[in-house]
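Right, one structure below, let's go through it.
There are 2 protein chains.
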Amino acid sequence: MNKQALIDTRRRISPFVHNTPVFTSHLLDDLAGAKLSFKCENFQKMGAFKMRGATNAIMQLSKDQQERGVVTHSSGNFAQALSLAARNLGVTAYIVMPNNAPKVKKDAVLGYGGLITLCEPTIKAREQAAANLVAEKGATFIHPSNDLNVILGNATVAMELLEVHPDLNFLISPVGGGGLIAGTALAAHYFAPQCLVIGGEPMAVDDAFRSLQSGQIETNLTTHTIADGLRTQLGDINFPILQQHLDHIIRVEEDDIVSAMRLIWERLKIVVEPSSAVAFAAVLKNKAYFKDKKVGIILSGGNVDLDTLKFS
Amino acid sequence: MNKQALIDTRRRISPFVHNTPVFTSHLLDDLAGAKLSFKCENFQKMGAFKMRGATNAIMQLSKDQQERGVVTHSSGNFAQALSLAARNLGVTAYIVMPNNAPKVKKDAVLGYGGLITLCEPTIKAREQAAANLVAEKGATFIHPSNDLNVILGNATVAMELLEVHPDLNFLISPVGGGGLIAGTALAAHYFAPQCLVIGGEPMAVDDAFRSLQSGQIETNLTTHTIADGLRTQLGDINFPILQQHLDHIIRVEEDDIVSAMRLIWERLKIVVEPSSAVAFAAVLKNKAYFKDKKVGIILSGGNVDLDTLKFS
């Protein structure tokens with residue numbers, strides 16, 4: 001891992017991803033008492049930053065590996081990201097999904113050309129189904145967050161933001177499986193050493209916060225958070241990066257997340273998913289700490305189910 | 001009225017308004033069978049195009065008039081637009097609102113520095129209250145849509161869009177009080193004579209459609225549309241412009257509006273108000289007519305009440 005690897009990654013994937021816009025708002029600055037820059041990955045292709053890591057991971061495979069396809073298990077954004085990234089690169093994507101996954105998520109994967117294998121909704125069943133595809137098709141398994149090439153791809157979010165605002169005091173991104181925050185931490189380490197990287201995590205699934213305290217990867221006892229992209233846990237590849245380069249994690253309550261999401265929708269006029277609002281919620285909860293600082297906030301994605309959305 | 005008046009207007013107001021971005025989507029292009037360019041006035045200051053007309057109307061007053069303030073009656077976007085535009089220009093804005101206006105709308109006006117006068121929720125009461133302010137304060141009444149300087153300010157939306165996409169075949173904007181569509185029609189007339197201008201109007205409040213048929217200004221019998229910005233009727237200043245320069249109006253049902261709004265939220269990942277979706281709904285309802293054409297769609301604003309929002 002070195003600075004050049006990040007530069008190479010950005011050059012590699014740039015034809016296949018958007019350099020997403022950075023939004024600002026005087027009103028939200030006044031509210032937070034800080035100078036905020038929002039990196040809008042909700043406008044990324046397929047609607048989330050995961051397009052970056054998926055693209056990079058596939059591009060780093062050998063021609064031979066690419067011909068045999070890629071496989072992952074996910075019912076969320078990574079399933080869609082791998083499907084679209086694979087299609088863009090002429091590669092077959094096999095997606096293992098639980099048989100109780102919402103139709104809208106299955107349709108999205110199919111729309112991007114992914115081939116779905118349904119399984120029972122247990123971790124064991126989905127790992128078995130993925131292993132079968134690896135064995136039968138010779139496909140390469142790609143983990144949504146605990147994969148170095150995925151992490152490097154995700155690092156390009158912060159690289160782009162730091163290119164526009166090189167003098168940020170803080171960079172904040174949500175913490176789920178650890179792939180985005182690890183990439184963010186690497187980008188700041190190499191391109192903005194003055195910039196502290198902070199994670200935002202829902203209190204209800206604070207495995208990463210506890211992992212950093214205990215020094216070992218902790219698990220979540222429940223998944224009861226509206227931030228459905230953050231229910232997963234860290235892995236052995238991203239955890240050491242966080243131990244080395246992350247300053248700390250701020251935990252937020254469910255009400256904080258909904259309030260922050262509402263402010264983003266109402267004031268920035270953009271659609272972001274609950275997971276995206278966690279980083280902004282962390283700033284609003286610690287105004288004194290961020291007072292008058294330049295803060296980069298990564299809005300990770302914008303895929304929401306409008307049918308179930310309720311703000312009150 | 002001439003081309004130079006539009007050019008002067010744009011130069012005059014440009015320090016006080018955003019040149020809003022133009023969004024595109026391959027997915028929505030495929031769905032519509034046309035090449036769509038969305039002009040995003042939801043990102044305009046205070047969240048709607050009305051900021052443009054309000055700013056221009058105030059700037060065209062004499063110094064003496066400006067010192068005595070401006071007045072309007074509105075419970076919607078124009079009340080906020082006039083308040084903010086006035087504050088930006090150091091002018092006092094008196095806003096007449098019905099006493100049953102939602103608190104969120106009153107708070108928005110107050111937040112932009114407008115001085116509210118409450119009245120009974122009848123047309124007669126609000127006209128009387130506005131007349132009183134004109135008499136007492138010497139303030140100048142500014143109509144939200146039936147005012148030439150407001151129309152010229154609104155024309156800058158289409159001017160900006162045509163600067164980016166000069167070769168549009170069609171320009172479509174929603175029709176309410178007629179201020180936006182009249183400005184759009186003037187802009188196309190002077191800057192893109194090849195471009196036909198079309199209005200989108202809810203079937204439930206199709207006064208403008210009927211006015212163009214009958215040759216006189218018609219009224220609405222009900223205001224039963226989700227597109228709350230379009231319940232008003234044309235005026236004697238904008239109607240002749242529409243008679244001369246508008247190609248035709250497409251009427252859409254309530255379901256069409258909600259579906260179009262949903263597509264914009266889900267695919268463009270932006271928050272637009274129902275009125276904004278009417279123009280896109282008109283395209284989706286007439287796919288054969290717009291097939292393979294370059295279509296500019298004006299998204300008029302993004303001020304929605306998330307508490308009452310429901311897609312299903």
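Residue numbers (full-length UniProt numbering), protein chains in the order written: chain A, 1 to 312; chain B, 1 to 312. Glycine is no exception: its CB is placed at the ideal position from the N, C-alpha and C atoms. Just so it is clear, the structure is predicted and the values come from calculations on it, not from any experiment.
When C-alpha distances from S276/B are compared across R267/B, G176/B, T232/B and A182/B, the shortest belongs to G176/B.
Under the Cβ criterion of 7 Å, F280/B is not counted among the residues facing chain A. Annotation for D305/B: P102 and V104 place their beta carbon closer than 8 Å to its own, counting only its chain and skipping 5 residues before and after. Taken in chain order, the whole alpha helix (DSSP H) runs of length 4 or more contained in the stretch 254-279 of chain A are 254-263. With respect to G113/A, I13/A sits apart: the two C-beta atoms are not nearer than 7 Å. Within the stretch 141-182 of chain A, complete alpha helix (DSSP H) segments of at least 4 residues are found at 148-164, given in chain order.
Sequence-ordered contacts of the stretch 14-43 of chain A with chain B read N42 and F43 [C-beta pairs closer than 7 Å]. When only Cα atoms are considered, V22/A and E160/A end up about 9 Å apart.
With 16 or more other Cβ atoms from the protein chains shown falling within 10 Å of its own Cβ, M97/A counts as buried.
One finds nothing in chain A with a Cβ atom closer than 7 Å to the Cβ of R87/B; even the nearest lies about 13 Å away. Comparing alpha carbon positions, the residue from R210/A, V70/A and N77/A closest to V91/A is V70/A. Between L212/B and F38/B a beta carbon distance of about 25 Å is seen, past the 8 Å cut, so the two are scored as non-contacting. Taken through DSSP and simplified to helix, strand or coil, I95/B comes out as strand. D206/B and H224/B have their alpha carbons spaced roughly 11 Å apart. Within 8 Å of the CB of R262/A, the CB atoms of chain B belong to L306, in sequence order along the chain. Here L28/A has L36, L263 and R267 as same chain residues with Cβ atoms under 7 Å from its own Cβ, once five neighbours each way along the sequence are excluded.
Within the model, the alpha-carbon separation for S173/B versus G296/B is close to 9 Å.
As a beta-bridge residue in DSSP terms, C40/B pairs with L299/B.
At least one CB of chain B lies nearer than 7 Å to the CB of K269/A. When DSSP reads this structure, R251/B sits in a beta bridge with E201/B. When C-beta distances to chain B are compared with 7 Å, every residue of the stretch 91-115 of chain A stays at or above that value. Straight across, the Cα-Cα distance linking A188/A with H165/A is about 12 Å. In the DSSP assignment, T9/A falls within the alpha helix (DSSP H) that extends over K3 to I13. In the structure shown, T184/A adopts helical secondary structure according to DSSP, grouped into three states. H143/A counts as buried, since at least 16 other C-beta atoms from the protein chains shown sit within 10 angstroms of its C-beta.
Out of F49/B, N56/B and T222/B, the CA that lies nearest to the CA of L6/B is found in N56/B. Between V109/B and I123/B a beta carbon distance of about 19 Å is seen, past the 8 Å cut, so the two are scored as non-contacting. Taking a cut-off of 8 Å for Cβ pairs, the stretch 177-187 of chain B and the stretch 224-236 of chain B touch, as three or more such pairs fall below it. The C-beta of G302/A comes closer than 7 Å to at least one C-beta of chain B. Residue pairing by DSSP places K35/A opposite K294/A in a beta bridge.
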